[in-house]
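Trainee: For the sequence shown, numbering that gives the first Met the number 0 begins at 0 and goes up steadily by one. The beta carbon of each residue, even a glycine, is placed where N, CA and C say it ideally should be. Attaching a single structure in structure tokens format; questions to follow.
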Amino acid sequence: MTEALPRIGLTARREPVDRPYPLVESVCLQATYSDSVERAGGMPVLMAPGRAGADHARRMLASIDALVLTGGSDIHSKRYGQPLHETMSHVDELQDDFEFTLLEEALEADLPILCICRGMQILNVLRGGDLDPHIPGKPGIGEHGVPFGGGGTRHEVTVQASTRLAEALGTTTPTVECHHHQAVQQVGDGLEVVARARDGIVEALDLPARDAWMVAVQWHPEDTAAHDPVNQRLFDELVRRAVPADRSRGS
Numbered sequence: 000m001t002e003a004l005p006r007i008g009l010t011a012r013r014e015p016v017d018r019p020y021p022l023v024e025s026v027c028l029q030a031t032y033s034d035s036v037e038r039a040g041g042m043p044v045l046m047a048p049g050r051a052g053a054d055h056a057r058r059m060l061a062s063i064d065a066l067v068l069t070g071g072s073d074i075h076s077k078r079y080g081q082p083l084h085e086t087m088s089h090v091d092e093l094q095d096d097f098e099f100t101l102l103e104e105a106l107e108a109d110l111p112i113l114c115i116c117r118g119m120q121i122l123n124v125l126r127g128g129d130l131d132p133h134i135p136g137k138p139g140i141g142e143h144g145v146p147f148g149g150g151g152t153r154h155e156v157t158v159q160a161s162t163r164l165a166e167a168l169g170t171t172t173p174t175v176e177c178h179h180h181q182a183v184q185q186v187g188d189g190l191e192v193v194a195r196a197r198d199g200i201v202e203a204l205d206l207p208a209r210d211a212w213m214v215a216v217q218w219h220p221e222d223t224a225a226h227d228p229v230n231q232r233l234f235d236e237l238v239r240r241a242v243p244a245d246r247s248r249g250s
């Protein structure tokens with residue numbers, strides 16, 4: 000009998016399609032995410048934004064063994080009590096509703112979780128934290144790339160030793176690639192900063208009180224995982240924790 004692969008949910012998004020045939024919209028995600036999951040021995044499962052609500056989210060989560068909350072557009076700033084900043088773009092409230100509900104239910108279900116870029120920001124806002132809406136050009140802040148396909152920046156981050164993140168990476172000084180213009184500001188309830196860039200920008204969060212495995216990073220490990228074993232290890236560890244049909248996972 001063939002052994003089942005761990006099913007790894009990847010949050011996708013709805014996008015317009017510019018093609019010479021009559022498609023109005025597609026559900027899509029960069030292949031670097033699914034490639035990283037496949038290299039780790041998992042089966043990628045795209046999770047399409049659609050109907051909101053906890054019941055629907057729980058049904059979706061029942062079909063997977065771990066969740067990757069992927070990167071993407073800006074979160075609407077009303078979620079953390081601020082007006083919409085002039086630099087915000089690609090705001091999609093359907094996507095926000097879908098991913099906030101999905102993450103809240105995944106936390107309750109004790110699924111292994113990897114939050115990436117926007118995913119880490121959603122975690123922070125969900126826990127009552129907020130974001131700096133636009134960090135480029137601020138005194139003392141280094142380069143963090145340009146979002147929405149504008150290009151990434153590679154830099155070294157410092158990871159707190161003896162954390163889930165450090166253990167998964169196998170180092171406390173990984174070189175990472177990022178492209179974001181927003182950043183965690185006030186840290187949400189129960190969250191702990193476990194990595195920072197040299198300029199102080201929060202690069203990773205943990206929820207120490209949660210037994211099930213979870214790592215949240217501001218950078219994009221999927222961008223370099225194909226040729227960088229350190230970043231690939233985040234997906235390897237997620238898949239290792241994602242035992243099919245087993246919901247009694249510890250840390």
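Return the CA-CA distance between HIS281 and SER62, expressed in angstroms with no decimal places.
Mentor: Beyond the ends of the chain as shown, which are 0 and 250, falls residue 281; an answer cannot be given.
Trainee: Report the three-state DSSP secondary structure of ILE209 (helix, strand or coil).
Mentor: As written in the sequence, residue 209 is Arg, which differs from the Ile given in the question. Of the three classes helix, strand and coil, the one that applies to ARG209 here is coil, per DSSP.
Trainee: Taking the CB atoms as reference points, tell me whether THR174 and HIS154 lie closer together than 9 angstroms.
Mentor: yes
Trainee: Quick check on VAL36: does DSSP put it in helix, strand or coil?
Mentor: Residue state, collapsed to three classes: helix.
Trainee: Using the three-state DSSP reduction, which class does THR162 fall into: helix, strand or coil?
Mentor: coil
Trainee: I need the DSSP call for GLU176, collapsed to helix, strand or coil.
Mentor: strand
Trainee: Roughly how far, in whole angstroms, is the beta-carbon of GLU221 from the beta-carbon of TYR32, given that I think they are within contact range, below 8 angstroms?
Mentor: 5 angstroms
Trainee: How many angstroms separate the CA atom of CYS27 from the CA atom of ILE7?
Mentor: Approximately 16 angstroms between the Cα atoms of the pair.
Trainee: Along the chain, where does the beta strand (DSSP E) containing GLY8 start, and where does it finish?
Mentor: 6-10
Trainee: Using C-beta distances below 6 angstroms, list every residue in its chain close to ALA224, excluding the 5 sequence neighbours before and after it, in chain order.
Mentor: SER35, ASN230, GLN231
Trainee: Is the beta carbon of VAL67 closer than 9 angstroms to that of GLY118?
Mentor: yes
Trainee: Quick one: any contact between the segment 196-213 and the segment 85-104, if contact means 3 or more CB pairs under 8 angstroms?
Mentor: no
Trainee: Could I get the ranges of all uninterrupted alpha helix (DSSP H) runs contained in the segment 178-242, with 4 residues as the minimum, in chain order?
Mentor: 220-223, 228-240
Trainee: Thinking C-beta only, is LEU233 closer than 9 angstroms to LEU251?
Mentor: As shown, the chain starts at 0 and ends at 250. That puts residue 251 outside it, with no answer to give.
Trainee: Could you tell me which whole beta strand (DSSP E) segments of length 3 or greater appear in the segment 86-135?
Mentor: 112-115
Trainee: What are the start and end residues of the alpha helix (DSSP H) that includes LEU66?
Mentor: First-last for LEU66: 65-68, but that is the beta strand (DSSP E), not the alpha helix (DSSP H).
Trainee: What is the residue span of the alpha helix (DSSP H) that LEU60 lies within?
Mentor: 53-60
Trainee: Do you know how far the Cα of GLN120 is from the Cα of ALA182?
Mentor: Between ALA182 and GLN120, the C-alpha separation is close to 7 angstroms.
Trainee: What residue from VAL238, MET213, ARG239, HIS226 has the CA that sits closest to GLN114's CA?
Mentor: According to the sequence displayed, residue 114 carries Cys and not Gln. Of the candidates VAL238, MET213, ARG239, HIS226, the one whose C-alpha sits nearest the C-alpha of CYS114 is MET213.
Trainee: In or out: GLN217 buried (at least 16 other Cβ within 10 Å) or exposed?
Mentor: buried
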